[in-house]
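To start, the structure under review is shown below, and the notes come after it.
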Amino acid sequence: MAINWFPGHMKKTQREIKENLKLVDAIIEVRDARIPSSSANPDIEKLVEDKPRIILLNKSDLTEKKVTTEWIKSLSLSNVKVLEVNCLTGVGLNAIKPALLELLKEKHDRLRKKGLVNITTRAMVVGIPNCGKSTFINKMARKSIAKTGDRPGVTKSKQWIKTSMGIELLDTPGVLWPRFEDEETALNLAFTGGIKDEVMDIEELAYKLVVRLQTFYPEKLIERYKLDEVFENPMDILDAIAIKRGCIMRGKEIDYTRIAVLLLDEFRGGKIGNITLERPKKEECKEEKEKHIEEHIEEKEERKEEHIEEKEENKEEN
Ligand SMILES: Nc1nc2c(ncn2[C@@H]2O[C@H](COP(=O)(O)OP(=O)(O)O)[C@@H](O)[C@H]2O)c(=O)[nH]1
Ligand SMILES: [Mg+2]
Numbered sequence: 001m002a003i004n005w006f007p008g009h010m011k012k013t014q015r016e017i018k019e020n021l022k023l024v025d026a027i028i029e030v031r032d033a034r035i036p037s038s039s040a041n042p043d044i045e046k047l048v049e050d051k052p053r054i055i056l057l058n059k060s061d062l063t064e065k066k067v068t069t070e071w072i073k074s075l076s077l078s079n080v081k082v083l084e085v086n087c088l089t090g091v092g093l094n095a096i097k098p099a100l101l102e103l104l105k106e107k108h109d110r111l112r113k114k115g116l117v118n119i120t121t122r123a124m125v126v127g128i129p130n131c132g133k134s135t136f137i138n139k140m141a142r143k144s145i146a147k148t149g150d151r152p153g154v155t156k157s158k159q160w161i162k163t164s165m166g167i168e169l170l171d172t173p174g175v176l177w178p179r180f181e182d183e184e185t186a187l188n189l190a191f192t193g194g195i196k197d198e199v200m201d202i203e204e205l206a207y208k209l210v211v212r213l214q215t216f217y218p219e220k221l222i223e224r225y226k227l228d229e230v231f232e233n234p235m236d237i238l239d240a241i242a243i244k245r246g247c248i249m250r251g252k253e254i255d256y257t258r259i260a261v262l263l264l265d266e267f268r269g270g271k272i273g274n275i276t277l278e279r280p281k282k283e284e285c286k287e288e289k290e291k292h293i294e295e296h297i298e299e300k301e302e303r304k305e306e307h308i309e310e311k312e313e314n315k316e317e318n
């Protein structure tokens, strides 16, 4: 199962994000709350360095609340705040401003000491395709400005979208690439509609979704499709669903294409229920990340100090 992403686009996007980083105070990274790990860009930490970041777990209307809460705990770091949102309705978006203010408190205090009164916060939106970046920007702007549809990178002319929260957003989101290598990620993206259905075998995909639901949410399958039981063989489950839904061809054969399309549609539309396809792993890597951020900040401070010392030495020499 291939996800195509032209390497040249990756390079360009990378460069543009680095450039735009200098213009913003914070990053707003949008992810799909049904797959908080698979919808992350694999290089995001390297790309945004220690820039304060908000992770929006979007589409939280479709997830299992308890698992989303676990993800929030697992992804939060000293410079990363995680919020669950629904960009279609706007639920949760009010929490963005206080989160940003908390992340930027030290910086704002410094600016205030220098006498600045009206401080605008500028942020850049990033995320992989289909996670809801445009929906988010539109909702924040309360007008349809952000174009839907994707193109890699961020446009050259910088336009800022003013929001009702006193936050300015770069008008075009940074479209990031997903993790391509592993099958699990590709499947998660495909289940949730992040990869176009034309590029894969939809019957195989539906079968694999049944396997997943059989493991994590068997009771939801029973309830939605009025099954007597969840059979051990996923194929038997798929057949039972097809029969319940009348996806039968002439000669009483099962119409697998029809049932596959139906099942995926219902899953994506949240009709099977609130479902999260991934669970957070252990906390170990969190400590690593915190250490990494600290080191990065220390390094920066050191460089700054060296720079000041150098300047002073130069002064003395002159
Ligand atoms: N259920 C649900 N769907 C959403 C939400 N946010 C966005 N979507 C849908 O997700 C799809 C992709 O959204 P879009 O903003 O175009 O994603 P982008 O590619 O990141 O710009 C669209 O069909 C949106 O309607 C949400 O919070 N809940
Ligand atoms: Mg878009």
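Residue numbers for the sequence shown follow UniProt numbering, beginning at 1 and rising by one. Don't be surprised by glycine CBs; every beta carbon is placed ideally from N, CA and C. Because the structure is a prediction, the values reported are computed rather than measured.
Taking the beta strand (DSSP E) that residue i falls in, what are its first and last residues?
| i | result |
| --- | --- |
| Ile28 | Ala26 to Asp32 |
| Ile272 | It is not in any beta strand (DSSP E) - Ile272 carries neither H nor E in the DSSP assignment. |
Assuming residue i and residue j are in contact, meaning their beta carbons sit under 8 Å apart, how far apart are those beta carbons, in whole angstroms?
| i | j | result |
| --- | --- | --- |
| Pro129 | Gly194 | 6 Å |
| Ala33 | Lys59 | 5 Å |
| Ile254 | Asp239 | 6 Å |
| Asn20 | Met165 | Rounded, the Cβ-Cβ distance is 20 Å, inconsistent with contact. |
| Leu187 | Leu264 | The Cβ separation is near 12 Å, so there is no contact. |
| Leu83 | Lys286 | The Cβ separation is near 18 Å, so there is no contact. |
| Leu57 | Pro42 | Incorrect: roughly 18 Å between the Cβ atoms, too far for contact. |
| Ala141 | Ile167 | Between Ile167 and Ala141 the Cβ distance is about 11 Å, and since that is not below 8 Å, they are no contact. |
| Val67 | Thr276 | 4 Å |
| Ile259 | Ile241 | 6 Å |
| Ile54 | Leu104 | At roughly 11 Å, the Cβ-Cβ gap does not stay under 8 Å, so Ile54 and Leu104 are not in contact. |
| Pro173 | Gly127 | 7 Å |
| Pro178 | Leu189 | 6 Å |
Tell me where the alpha helix (DSSP H) around residue i begins and ends.
| i | result |
| --- | --- |
| Gly127 | Run containing Gly127: none in the alpha helix (DSSP H); it sits in the beta strand (DSSP E), Thr121 to Gly127. |
| Ile241 | Pro234 to Lys244 |
| Lys107 | Lys105 to Lys113 |
| Ile167 | Taken as a continuous stretch (DSSP letters only), Ile167 belongs to no alpha helix (DSSP H), being part of the beta strand (DSSP E) at Ile167 to Leu170. |
| Ser134 | Lys133 to Ala141 |
| Met10 | Pro7 to Leu21 |
Can you give me the C-alpha to C-alpha distance between residue i and residue j, rounded to a whole angstrom?
| i | j | result |
| --- | --- | --- |
| Lys300 | Ile308 | 12 Å |
| Gly132 | Asn274 | 18 Å |
| Asp25 | Ile293 | 16 Å |
| Gly269 | Val117 | 46 Å |
| Met235 | Glu266 | 18 Å |
| Gly115 | Leu23 | 21 Å |
| Glu317 | Arg112 | 35 Å |
| Ser144 | Asn138 | Because Ser144 carries a pLDDT of 42, less than 50, the predicted location of this residue cannot be relied on, and the following value inherits that uncertainty. In a straight line, the C-alpha of Ser144 is about 5 Å away from that of Asn138. |
| Asp228 | Tyr217 | 15 Å |
| Lys18 | Ser134 | 21 Å |
| Glu87 | Phe136 | It should be pointed out that residue 87 corresponds to Cys in this sequence rather than to Glu. Approximately 5 Å, taken between the alpha carbons. |
| Val261 | Cys247 | 11 Å |
| Leu47 | Asn79 | 14 Å |
| Glu298 | Glu49 | 13 Å |
| Lys12 | Ile44 | 15 Å |
| Val85 | Glu305 | 40 Å |
| Ser38 | Arg303 | 35 Å |
| Leu176 | Trp5 | 10 Å |
| Arg110 | Asn314 | 27 Å |
| Thr148 | Lys311 | Note on Thr148: pLDDT 43, under 50, position unreliable in the model; no value is reported. |
| Lys271 | Lys244 | 16 Å |
| Leu209 | Leu62 | 16 Å |
| Thr185 | Lys65 | 21 Å |
| Lys73 | Gln214 | 26 Å |
| Arg279 | Leu93 | 24 Å |
| Ile96 | Asn233 | 45 Å |
| Phe231 | Glu102 | 50 Å |
| Pro7 | Met249 | 44 Å |
| Val211 | Phe191 | 12 Å |
| Lys81 | Lys289 | 14 Å |
| Gln14 | Glu106 | 28 Å |
In the DSSP assignment, what are the bridge partners of residue i?
| i | result |
| --- | --- |
| Trp160 | Leu170 |
| Ile248 | Ile254 |
Item to complete: Could I get the ranges of all uninterrupted beta strand (DSSP E) runs contained in the region 44-92, with 3 residues as the minimum, in chain order?
Response: 53-58 and 80-84
Those runs of the alpha helix (DSSP H) which lie wholly inside the region 163-222 and span at least 4 residues
183-191 and 202-216
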